[in-house]
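Worksheet: one structure, shown below.
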Amino acid sequence: MERAIALLEKKIEAGVEIQGATALNTVMYFTNGSGIEGGMIYKRVINIHERMQKAGVPEDAFTLHLIVKACGHAQKQERPDALNLAMATLGKIRYANRADTRTYNLIFRVVGQLLPSRDSKMYDPIVEAIFK
69 MERAIALLEK KIEAGVEIQG ATALNTVMYF TNGSGIEGGM IYKRVINIHE RMQKAGVPED
129 AFTLHLIVKA CGHAQKQERP DALNLAMATL GKIRYANRAD TRTYNLIFRV VGQLLPSRDS
189 KMYDPIVEAI FK
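Remember, my numbering sits 68 above the position in the sequence shown when you count from 1.
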């Protein structure tokens, strides 16, 4: 799979138009675990997502859901950024009118993974933001 990532990165750097399905398959590979460490899943997916954005590859709802899922794999020091990204991505999903029960199940699971405890000082405002 490393060769596939390298090829995708070379295509992006060379300005070759990347189809959403190509990038999506790469992102899916990492969010499904694929034998790599949890923290690396987050880093790899975010890296690919940033490259997709720079290359102008359109984001569909499925890709956005995978980004939220990857945020749940962030390492401890990355969790504040991952939480912000997950919430911002939720906003994109809502804006596209693509949120459904799976979206909310996913975001609650990810928030639970990212917050150190169910401390109401941190947890309640996030839950409120999810339902706004």
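Here a beta-carbon is modelled for each residue, glycine too, at the ideal position from N, C-alpha and C.
Every value quoted in this text rests on a predicted model; they were computed, and no experiment measured them.
Could you round the C-beta distance between V136 and L151 to whole angstroms and report it? I think they count as a contact, below 8 Å. Taking the sequence shown and counting its residues from 1, one reaches residue 136 at position 68. Taking the sequence shown and counting its residues from 1, one reaches residue 151 at position 83. About 11 Å separates the two Cβ atoms, so there is no contact after all.
Selected residue, minimal CA-CA separation from L182, among G124, Y110, P126 and D168: Along the sequence shown, one-based indexing puts residue 182 at 114. Measuring from the Cα of L182, the nearest candidate turns out to be Y110.
| message | Let me confirm a value: T171 is counted as buried when at least 16 other C-beta atoms fall within 10 Å, else exposed. Which label applies? | response | For the purposes of this step, residue 171 is identified with residue 103 of the sequence shown, where counting begins at 1. The residue is buried, with at least 16 neighbouring Cβ atoms inside 10 Å.
Consult DSSP for K200 and reduce its assignment to one of helix, strand or coil.
For the purposes of this step, residue 200 is taken as the residue at position 132 of the sequence shown. Three-state result, K200: coil.
Hey, how far is the Cα of M190 from the Cα of F199?
Numbered from its first residue, the sequence shown carries residue 190 at position 122. Numbered from its first residue, the sequence shown carries residue 199 at position 131. A direct Cα-to-Cα measurement between M190 and F199 gives close to 15 Å.
Between the alpha carbons of P193 and V179, how many angstroms are there, rounded? Numbered from its first residue, the sequence shown carries residue 193 at position 125. Numbered from its first residue, the sequence shown carries residue 179 at position 111. In this model, P193 and V179 are separated by some 12 Å (Cα to Cα).
Selection from Q145, E127 and A154 that minimises the alpha carbon distance to A138:
Along the sequence shown, read from residue 1 onward, the residue named residue 138 stands at position 70. When only C-alpha atoms are compared, the closest one is A154.
Within the continuous alpha helix (DSSP H) that includes L153, where are the two ends? Taking the sequence shown and counting its residues from 1, the one referred to as residue 153 is at position 85. R147 to Y163 is the extent of the alpha helix (DSSP H) around L153.
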